[in-house]
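Engineer:
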Amino acid sequence: MVRYFDRAVDLAPFLTGFPYVQWMPSLRTDKLFVLKTGERYELQMLDLAGDEAKSLARAVTVSDVDWSQRSLWRLHHHAESDTLWLHADARNDEHMNLWTLNLKTGALEQVTDHDYVYGFGLDDAESQIAYLPRAGVAPPYRTCLRVMDVAGKAAREVVCDTPALSFTWSVPRFSPDGREVYFAAQVDGDRNRTQLVAVDLTAARPAVRVVTDPKLTRTDAELLEGWLDADTALLLANDDGYRNLFSMSRKTGAMKQLTRFTEDLTSASITDIGVVGVHRSPLGASLAVIDPRSGKVLAARKLPGAADVLEGRGGRVLWTHEAPDQYFELNVQSVLADAQGPAFGRGWSVGLTPAVREAVVQCKAERVKIPTFDRDKATGKPRELHAFVLTPLHAPADPSHRLALIEAFYGGENRYSTFAHVMCAAGLTVVSPTVRGGDGFGKAFAALNDRDLGGDEIVDLFHVARWTERTLGLRPAQIGVFGGSHGGYATMRALTFPPGTKGHNEIYEFGFGLAHAGFSDIKSFHDQCNIPDWVVLESGDPSRPDDLARMKDRSPLTHVDRLAAPLLLTHGSNDWRVPVGESRAFYEKARALGKPVTLVEFAGQGHHIEGLARIAELYQARFDMLQKVAASPAAPASASAATGPARGAATQL
1 MVRYFDRAVD LAPFLTGFPY VQWMPSLRTD KLFVLKTGER YELQMLDLAG
51 DEAKSLARAV TVSDVDWSQR SLWRLHHHAE SDTLWLHADA RNDEHMNLWT
101 LNLKTGALEQ VTDHDYVYGF GLDDAESQIA YLPRAGVAPP YRTCLRVMDV
151 AGKAAREVVC DTPALSFTWS VPRFSPDGRE VYFAAQVDGD RNRTQLVAVD
201 LTAARPAVRV VTDPKLTRTD AELLEGWLDA DTALLLANDD GYRNLFSMSR
251 KTGAMKQLTR FTEDLTSASI TDIGVVGVHR SPLGASLAVI DPRSGKVLAA
301 RKLPGAADVL EGRGGRVLWT HEAPDQYFEL NVQSVLADAQ GPAFGRGWSV
351 GLTPAVREAV VQCKAERVKI PTFDRDKATG KPRELHAFVL TPLHAPADPS
401 HRLALIEAFY GGENRYSTFA HVMCAAGLTV VSPTVRGGDG FGKAFAALND
451 RDLGGDEIVD LFHVARWTER TLGLRPAQIG VFGGSHGGYA TMRALTFPPG
501 TKGHNEIYEF GFGLAHAGFS DIKSFHDQCN IPDWVVLESG DPSRPDDLAR
551 MKDRSPLTHV DRLAAPLLLT HGSNDWRVPV GESRAFYEKA RALGKPVTLV
601 EFAGQGHHIE GLARIAELYQ ARFDMLQKVA ASPAAPASAS AATGPARGAA
651 TQL
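In terms of UniProt numbering, the sequence shown opens at residue 1 and continues consecutively.
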């Protein structure tokens, strides 16, 4: 139970009413694996055999590991040995490696010991594993393709990357005969020049062959599991600006674009009657059956909210569905063809009970468009930002308790947000915009903040805040900004933004900020994090003097003196993606200057905070600060004005 003034918010329905996250199906073996949350996170297995509906109450726990204390990204069920191969870490620090979990004994064993493993995949015979281990804890890294024998776990190094073509995050896929492996690589480490590459494992001197066109900009190149025949594979890539379906000939290397959706094909799987996939934007989704030879849509079902295909095989598909005011639902459905053509058949779903749904849906969601400062070059019209406004079903009785929280980055998603509904349960409003650089509107929109981190994306937030003032009738002191990771950085940046940036002369005096796992110094973040290529894409190359100067100027740590509004920093102590030192550095400098800042650390936690007690601590820390803000609603002093005595606290949880 957490509190905001006289309103008590029971977190139990949100956290344990439907305590399942991270769905990992294996239709090959008729099993569904999922994490059940609670004080401990349990890895559970549900048998999917048969056509009858299944209950998660029948799922069994397969090990005694507490997965709230470590990261689990992906698994593969190896039926012959009754073993799970896991892509996981040991301490919630994202030092990812390969592990095995024996389903008979529950024994967990670490198989590889590398600095970082990007991804892994098995061949059709399930006798070989290809994986991509990275060496080095800071750039430049060295990554190699390695192939391991499943039975004996002996591995050999096949080929390594070069600065001109660096291996990156992907799931390696074998050819049907097991002689080749396909995965993703980047030209010159550029995320905008991602390629699908192939390696012949039987060659005397294996070499990397680029499959896709290296002249085109591309951020996605993902080979689907399974082949249409010995020569033809399918992949998802966004060569034309949106993620679409392509076919590839192994013999000739010829590529053919099959679909031309003007929204991303976010997920797809090969089934007996075609490719079942979802193409969607933040405006809605469509579940479709696609002819894998022609690209023709054979059947479609439009859906509000967001949907994704988790896996398809044979005559079944598993897909998920949710919306900003609709909690998650998992669907297991048959796909079939009859005289009328392909169709979605009968199935069953797993979701919330009506009582839990009533408890956890606390917001009314409205999709809006918010004008910003520039014109869309594609249309010539003034640019409008997509956003969801989530207002509480039960507004606070005292108008002075009203606050609005604006999401700094990763906003506008057409999904259920536990954070938003907990805020609504307390009587607060959440405005979730897709600022430039966000996902869901194609490659061009996502690239608008490339090399402009902390620039126009922040000015977008100012325009969203002014719209919120006008529309909701609030004062700046009642409007704050929040976010995690990139959004945590953007929160700090919005509260310390120098008005002369890029000649805009823009500023907004937010009333407060909530920054989780944000970085405060772009250069130090680049040097310590496990995603330096992302930093180069978004902010520039620190080896170039002009880029380094911009990185320093765009760092919140450089402009701590401008902080005027109360700011809560939260961070996991084991976070490697954004090291906790980024929050500590900002806190120490702000505290020394007498700025209103609080830091709460979570011992042993990584990029996300997990575990019921810790999540409750996180929410109460947020509500404690928000209550102080609402109780002192006077607008904050000018960002350039001097502040009073030091206020703040650092807490280790």
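Where a beta carbon is used, it is the ideal one built from N, C-alpha and C, also for glycine.
Leaving out five residues before and five after LEU15 in sequence, what residues of the same chain have Cβ atoms less than 7 Å from its Cβ?
Structural biologist: For the purposes of this step, residue 15 is taken as the residue at position 15 of the sequence shown. Excluding sequence neighbours, LEU15 sits near THR37, LEU612 and ILE615.
Engineer: Per DSSP, THR194 forms a beta bridge with which residues?
Structural biologist: Locating residue 194 in the sequence shown gives position 194, where the first residue counts as 1. Note: THR194 sits in a beta bridge opposite GLN186.
Engineer: Mapping DSSP to helix, strand and coil, what is GLU413?
Structural biologist: Working through the sequence shown from its first residue, we reach residue 413 at position 413. If DSSP states are grouped into helix, strand and coil, GLU413 belongs with coil.
Engineer: With respect to the beta strand (DSSP E) encompassing TRP227, which residues constitute its N-terminal and C-terminal limits?
Structural biologist: The count along the sequence shown starts at 1 and reaches residue 227 at position 227. Per DSSP, TRP227 belongs to no beta strand (DSSP E) and is neither H nor E.
Engineer: Sort out for me which residues DSSP pairs ASP177 with in a bridge.
Structural biologist: For this step, residue 177 is matched to residue 177 along the sequence shown. None, per the DSSP bridge assignment.
Engineer: Since I believe HIS463 is in contact with PHE373 (beta carbons under 8 Å), could you give me their beta-carbon distance rounded to a whole number of angstroms?
Structural biologist: The residue you call residue 373 lines up with position 373 of the sequence shown. The residue you call residue 463 lines up with position 463 of the sequence shown. Rounded, the Cβ-Cβ distance is 6 Å, consistent with contact.
Engineer: For the alpha helix (DSSP H) that ALA465 lies in, which residues bound it at each end?
Structural biologist: Counted from its first residue, the sequence shown places residue 465 at position 465. Taken as a continuous stretch (DSSP letters only), the alpha helix (DSSP H) holding ALA465 covers 456-472.
Engineer: Using the three-state DSSP reduction, which class does residue 671 fall into: helix, strand or coil?
Structural biologist: This structure cannot settle anything about residue 671, because the visible part of the chain is limited to 1 through 653.
Engineer: Leaving out five residues on either side along the sequence, give the residues of the same chain with a beta carbon under 7 Å from the beta carbon of LEU593.
Structural biologist: Against the sequence shown, residue 593 aligns to sequence position 593. Within the same chain, LEU593 has close Cβ partners VAL560 and ASP561.
Engineer: Tell me the DSSP secondary structure of ASP624 in three-state form.
Structural biologist: Position 624 of the sequence shown, counted from the first residue, corresponds to residue 624. ASP624: helix per DSSP, three-state reduction.
Engineer: Determine, using beta-carbon pairs with one atom in the region 463-475 and one in the region 576-590, whether at least three such pairs fall under 8 Å.
Structural biologist: As far as the Cβ criterion goes, the region 463-475 does not touch the region 576-590, which means the pair count is below three.
Engineer: Under the DSSP definition of a beta bridge, which residues are partnered with ARG436?
Structural biologist: Here residue 436 refers to the residue found at position 436 when the sequence shown is read from its first residue. ARG436 pairs with nothing; no bridge assigned.
Engineer: Which ranges would you report for the beta strand (DSSP E) in the region 491-564 if only whole runs of at least 3 residues count?
Structural biologist: Complete beta strand (DSSP E) runs here, min 3: 512-516.
Engineer: At what residues does the alpha helix (DSSP H) containing ARG591 begin and finish?
Structural biologist: What you label residue 591 is simply residue 591 of the sequence shown in a count that begins at 1. That run of the alpha helix (DSSP H) goes 581-592.
Engineer: Alpha carbons only, please: which of ALA154, LEU599 and VAL211 is nearest the one belonging to VAL181?
Structural biologist: Counting from one through the sequence shown, the residue named residue 181 turns up at place 181. Minimum Cα distance to VAL181 is reached at VAL211.
Engineer: Using DSSP's beta-bridge definition, name the partner residues of GLN340.
Structural biologist: Residue mapping note: residue 340 aligns to position 340 of the sequence shown, counting from 1. The partner list for GLN340 (beta bridge, DSSP) is empty, contrary to what the question assumes.
Engineer: Strictly by DSSP, which residues pair up with GLN128?
Structural biologist: On the sequence shown, residue 128 is found 128 positions in, with the first residue counted as 1. Paired residues: ASP149.
Engineer: Could you tell me the boundaries of the alpha helix (DSSP H) in which HIS114 lies?
Structural biologist: Position 114 of the sequence shown, counting from 1, holds the residue named residue 114. HIS114 -> no alpha helix (DSSP H), and no H or E assigned at all.
Engineer: Rounded to a whole number of angstroms, what is the C-alpha to C-alpha distance between ALA343 and THR320?
Structural biologist: Stepping through the sequence shown from its first residue, residue 343 is reached at position 343. Stepping through the sequence shown from its first residue, residue 320 is reached at position 320. Between ALA343 and THR320, the C-alpha separation is close to 18 Å.
Engineer: With a threshold of 7 Å on Cβ separation, who are the neighbours of ASP527 within its own chain once the five nearest residues in sequence on each side are excluded?
Structural biologist: As a working mapping, residue 527 is identified with position 527 in the sequence shown. Same-chain partners within the cutoff: ALA138.
Engineer: From which residue to which residue does the beta strand (DSSP E) around MET255 run?
Structural biologist: Indexing the sequence shown from 1 puts residue 255 at position 255. That run of the beta strand (DSSP E) goes 255-257.
Engineer: Identify, in the order they occur along the chain, each residue of the same chain with its Cβ nearer than 6 Å to the Cβ of GLN620, setting aside the five sequence neighbours on each side.
Structural biologist: Here residue 620 corresponds to residue number 620 of the sequence shown, with the count starting at 1. Cβ neighbours of GLN620 beyond the five flanking positions: VAL2.
Engineer: What do you get for HIS76, buried or exposed, if any count of 16 or more other CB atoms within 10 angstroms of its CB means buried?
Structural biologist: As a position in the sequence shown, residue 76 is number 76, starting the count at 1. By the 10 Å Cβ count, HIS76 comes out buried.
Engineer: Give the range of the beta strand (DSSP E) segment to which PHE419 is assigned.
Structural biologist: Residue numbering aside, residue 419 sits at position 419 when the sequence shown is read from its first letter. Run containing PHE419: none in the beta strand (DSSP E); it sits in the alpha helix (DSSP H), 418-425.
Engineer: Using 8 Å as the threshold, is the region 488-501 in touch with the region 404-412, meaning 3 or more CB pairs across them?
Structural biologist: Yes, they touch.
Engineer: In the DSSP output, which residue or residues are listed as bridge partners for PHE328?
Structural biologist: Locating residue 328 in the sequence shown gives position 328, counting from the first residue. In DSSP, PHE328 forms no bridge with anything.
Engineer: Does the Cβ-Cβ distance between GLY604 and ASN97 come in under 8 Å?
Structural biologist: For the purposes of this step, residue 604 is taken as residue 604 along the sequence shown, with counting starting at 1. For the purposes of this step, residue 97 is taken as residue 97 along the sequence shown, with counting starting at 1. No, they are not a contact pair.
Engineer: Compute the distance between the beta-carbons of GLU457 and GLY480, then report whether it is under 8 Å.
Structural biologist: Looking up residue 457 in the sequence shown gives position 457. Looking up residue 480 in the sequence shown gives position 480. Not closer than 8 Å, so no.
Engineer: Quick one: is ASP460 buried, meaning 16 or more other Cβ sit within 10 Å of its Cβ, or exposed?
Structural biologist: Locating residue 460 in the sequence shown gives position 460, counting from the first residue. Label assigned to ASP460: buried.
Engineer: Restricting to Cα atoms, I'd like to know which of GLU610, PHE623 and VAL111 is closest to ASP66.
Structural biologist: For the purposes of this step, residue 66 is identified with residue 66 of the sequence shown, where counting begins at 1. The option with the nearest alpha carbon to ASP66 is GLU610.
Engineer: Skipping 5 residues on each side, what residues in its chain have a beta carbon closer than 8 Å to that of LYS369?
Structural biologist: Position 369 of the sequence shown, counted from the first residue, corresponds to residue 369. The answer, listed in chain order, is GLU384, LEU385, HIS386 and ALA387.
Engineer: For a quick check, are the C-beta atoms of GLU157 and ARG173 less than 8 Å apart?
Structural biologist: Sequence index remark: in the sequence shown, residue 157 carries index 157 (1-based). Sequence index remark: in the sequence shown, residue 173 carries index 173 (1-based). Cβ atoms of GLU157 and ARG173: not closer than 8 Å.
Engineer: In angstroms with no decimal places, state the Cα-to-Cα distance between VAL117 and TRP99.
Structural biologist: The count along the sequence shown starts at 1 and reaches residue 117 at position 117. The count along the sequence shown starts at 1 and reaches residue 99 at position 99. If I take the Cα positions, the gap works out to 11 Å.
Engineer: Could you give the uninterrupted runs of the beta strand (DSSP E) lying entirely in the region 8-32, keeping only those of 3 residues or more?
Structural biologist: Segments of the beta strand (DSSP E) lying fully in the region 8-32: 20-26.
Engineer: Just to confirm my understanding: we take ALA646, look at its own chain, exclude 5 residues before and 5 after, and list those with CB closer than 7 Å. What are they?
Structural biologist: Reading the sequence shown from its first residue, position 646 is the one you call residue 646. Unreliable positioning characterises ALA646 in this predicted model, as indicated by a pLDDT of 35, which lies under 50. The coordinate reading is nonetheless provided below. Result list for ALA646: ARG591 and GLY594, in chain order.
Engineer: Between PHE512, VAL536 and PHE525, which has its C-alpha nearest GLY563's C-alpha?
Structural biologist: Locating residue 563 in the sequence shown gives position 563, where the first residue counts as 1. According to the sequence displayed, residue 563 carries Leu and not Gly. Out of PHE512, VAL536 and PHE525, PHE512 has the C-alpha closest to the C-alpha of LEU563.
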